[in-house]
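Everything below concerns the one structure shown next.
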Amino acid sequence: MAVADIVSYIRANEGLYPREALVMRLHEAGYPDSEIHEAFTALSAAAFPNPAPASRGVLYLLGRAIMYLVLIVFGVVVVVGIIIANIF
1 MAVADIVSYI RANEGLYPRE ALVMRLHEAG YPDSEIHEAF TALSAAAFPN
51 PAPASRGVLY LLGRAIMYLV LIVFGVVVVV GIIIANIF
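Each residue of the sequence shown is one higher than the last, beginning at 1 in full-length UniProt numbering.
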């Protein structure tokens, strides 16, 4: 339960004081280093959730864009080849 209290205290004051000041206050209140470290670990894990995967719409559009890019490059190569063949 002490870790939950520490997490609540940190969340309430993290925008007001630097981390060192918060840790110093928690030490003065009698919390051990292990609980303080555990609370900061819990906060850092909660602050960076797993990113959401790209939606199918984005993947579809990306695939189409790559396909058109490949077709354009192929077309340019064919046209340049025809031009070079007619010159020589």
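Positions of the beta carbon are idealized from the N, C-alpha and C atoms, including for glycine. Computed from a predicted structure; not experimentally measured.
Linking ALA45 to SER8 through their CA atoms gives a straight-line distance of about 15 Å.
Under the criterion of beta carbons closer than 8 Å, ALA4 and TYR31 do not qualify as touching, at roughly 12 Å. Taking LEU43 as reference, the option from VAL58, GLY57, LEU16 and ALA12 with the minimal CA-CA separation is ALA12.
Inter-residue distance for ALA29 and VAL58 is about 51 Å (C-alpha atoms, whole angstroms).
Per DSSP, reduced to three states, the secondary structure at GLY15 is coil, with no helix or strand assignment.
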